[in-house]
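Taking it in order: structure first as structure tokens, then the write-up.
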Amino acid sequence: MPKVSLDRIFTSKRLCVREIEVPGGQDRSRIPAIDRSYVFPLPFLNQVLLYLACPLHDCLYVSGPSGCGKTTMALQVAARLGWGVEQLTLCGKSESADLIGHAALRRGELVYEYGPLVRAMRQGEILILNEIDLMPPSDLAALNDVLEGKPLVITQNCGELVVPAPGFRVIATANTKGLGDAMGFYSGARVLNQAFLDRFRFVEIGYPDARTETAIVSTACPGLDEELAANLVRLAGELRHAGSDQNGAALSAPFSTRVLLRIASLKHACPHLPVHRAIETGYSLRLPDTEREYVARLCADIFGNDGQDGFGAMGKSAPRHGRNGDGGDGEAGDGTEARDDAEAQDGTQECAGQDDEARPQGAEAAQQDGQGEDVAQD
Ligand SMILES: Nc1ncnc2c1ncn2[C@@H]1O[C@H](COP(=O)(O)OP(=O)(O)OP(=O)(O)O)[C@@H](O)[C@H]1O
Ligand SMILES: [Mg+2]
């Protein structure tokens with residue numbers, strides 16, 4: 023397998039692995055597309071590179087909260103290295119046959135159709151198994167031998183033997199570590215079999231730090247107002263710690279990097295959209311009323327209320343932050359009326375049919391103007 027210099031690809035001198043053997047002759051269509059707006063958080067990148075360079079008959083289990091970048095990291099590392107990927111997102115009804123393959127009738131003939139596991143083993147690709155903690159552990163046990171580097175015997179196909187090519191790797195991602203869902207966020211997450219988990223090296227990641235998330239936002243949304251970006255990152259940080267110090271009750275929905283980018287992208291694509299409205303549609307409307315009220319108050323503290331943003335649009339839960347700053351009379355900032363009123367006046371309607379020239383370019387711009395350089399930062 024040809025060796026590739028990682029310092030050059032990831033433009034960092036702090037990588038724990040300097041070069042890596044990448045399997046040659048990969049099917050180009052299996053190599054993920056490079057996303058120039060992706061920012062590589064260094065500690066996480068180092069763990070993934072270490073695994074790819076030195077698998078030592080292990081697989082890699084990446085756990086972390088929803089939307090923190092687990093899947094994207096695996097895909098973007100593969101993209102930069104030119105390593106083919108087979109990807110599957112598992113669920114409660116997934117079976118070993120979804121991974122290995124199954125017999126199928128094709129033009130009147132019974133043929134065996136290979137699944138992503140077999141394709142990845144043969145081609146020396148990275149098999150990314152998303153949401154592995156949702157799949158029944160008894161079905162996952164069928165993978166035990168393969169996960170420690172042994173050949174696969176396909177009993178349903180006359181005992182066919184599949185020997186893994188040198189580049190074969192397995193990266194599983196999940197919101198839990200296979201111990202069930204302690205938070206109550208990730209319904210359907212199962213307690214996995216410890217013998218199965220024993221085949222994995224573990225990496226636990228959280229949301230990127232403020233510096234990295236600021237870089238993620240500014241790379242994905244070039245030209246977005248810096249203060250706004252910094253405030254959105256601050257909001258993310260504060261909401262992630264909400265409740266955890268006092269009564270221990272976290273918010274019902276995580277404020278993920280995905281959510282942060284959604285809100286920033288909304289503001290980027292539609293600058294006249296009030297930030298409160300972007301936060302509401304991007305995140306807080308999915309929360310129970312009391313939590314929405316908390317988010318609304320925090321937003322008012324961070325972003326203020328310039329009279330145009332129509333804080334009444336955040337709903338009945340935050341009357342004291344009504345657009346007129348009148349402290350709320352119980353009616354002024356609440357309910358649908360206030361929402362419609364705010365919508366009519368706060369400029370939201372202007373976003374529809376906006377000129378192209380008024381609309382910033384998005385991630386493509388980063389690609390074209392070089393702002394989206396590969397960045398590994400801690
Ligand atoms: N470091 C990063 N740079 C750029 N974008 C990022 C980064 N981390 C996360 N994102 C973006 O955040 C979103 C969520 O990332 P991703 O789907 O990888 O999260 P995940 O941890 O796999 O979530 P889930 O547990 O829900 O599957 C994606 O749009 C991704 O592009
Ligand atoms: Mg994922």
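First residue of the sequence shown: 23, per our numbering; consecutive thereafter.
Beta carbons are placed, not taken as given, at the ideal position from N, Cα and C, and that holds for glycine.
DSSP-derived helix/strand/coil call for residue i
i      : result
Lys199 : coil
Val168 : helix
Tyr134 : strand
Tyr208 : coil
Ala100 : helix
Ala55  : coil
Asn179 : helix
Leu309 : coil
Gly304 : helix
Leu273 : coil
Val44  : coil
Asn152 : strand
Arg36  : coil
Val70  : helix
Lys25  : strand
Tyr229 : coil
Val192 : strand
Tyr83  : strand
Arg129 : coil
Asp331 : For Asp331, the predicted structure reports a pLDDT of 49, less than 50, and the residue's modelled location is therefore unreliable. A value from the coordinates is still provided. Coil.
Val213 : strand
Pro296 : coil
Environment of residue i [buried if 16+ CB atoms lie within 10 Å]
i      : result
Val281 : buried
Leu132 : exposed
Pro341 : Bear in mind that a pLDDT of 34 at Pro341, under 50, signals an unreliable position, so the model cannot answer this.
Cys243 : buried
Glu226 : exposed
Val317 : buried
Leu74  : buried
Val99  : buried
Asp368 : Unreliable positioning characterises Asp368 in this predicted model, as indicated by a pLDDT of 42, which lies under 50. The coordinate reading is nonetheless provided below. Classification for Asp368: buried.
Cys113 : exposed
Gly146 : buried
Thr234 : buried
Ser51  : exposed
Glu135 : exposed
Glu219 : The residue asked about is misnamed: residue 219 is Leu in this sequence, not Glu. Leu219 is buried by the Cβ-count criterion.
Cys76  : exposed
Arg314 : buried
Lys92  : buried
Same chain only: Cβ atoms within 7 Å of residue i, ignoring 5 sequence neighbours per side
i      : result
Leu169 : Cys81, Val192, Arg221
Val184 : Val140, Met143, Arg144, Pro173, Leu174, Ile176
Lys289 : Leu246, Leu250, Leu295, Val297, Ala300
Arg256 : Ile324
Gly304 : Val281, Arg284, Ile285, Leu288
Ser88  : Asn197, Pro276, Ser278
Pro188 : Met23, Pro45, Gly146
Glu117 : Asp161
Ala163 : Asn215, Phe218
Thr401 : Residue numbering for the chain in the displayed model covers 23 to 400; residue 401 lies beyond these limits and cannot be assessed.
Beta-carbon proximity list for residue i, same chain, < 6 Å, skipping 5 on both sides
i      : result
Phe224 : Tyr83
Val239 : Ala251, Ala286
Ile53  : Gly104, Gly106
Gln48  : Gly106
Arg102 : Ile31
Alpha-carbon to alpha-carbon, residue j and residue i
i      : j      : result
Leu246 : Ala96  : 27 Å
Val70  : Arg129 : 43 Å
Asp29  : Glu248 : 29 Å
Arg40  : Ala55  : 23 Å
Asp311 : Ser59  : 35 Å
Thr279 : Glu182 : 43 Å
Gly259 : Asp57  : 25 Å
Asp231 : Ser209 : 27 Å
Leu78  : Ile42  : 14 Å
Ala125 : Asn179 : 8 Å
Pro293 : Gly326 : 17 Å
Ser27  : Pro65  : 18 Å
Glu108 : Gly123 : 13 Å
Ala291 : Glu302 : 16 Å
Arg36  : Ser85  : 23 Å
Cys321 : Ser306 : 11 Å
Phe190 : Ala119 : 19 Å
Presumed contact (8 Å Cβ cut-off) between residue i and residue j, rounded CB distance
i      : j      : result
Ile148 : Thr195 : Incorrect: roughly 12 Å between the Cβ atoms, too far for contact.
Leu121 : Gly137 : 5 Å
Ala211 : Leu156 : 6 Å
Ala264 : Leu254 : Not confirmed; about 15 Å, so no contact.
Leu151 : Leu110 : 6 Å
Pro186 : Gly200 : Incorrect: roughly 23 Å between the Cβ atoms, too far for contact.
Contacting residues, own chain, Cβ-Cβ under 8 Å from residue i (five flanking each side not counted)
i      : result
Cys38  : Asn68, Leu71, Leu72
Met205 : Ala272
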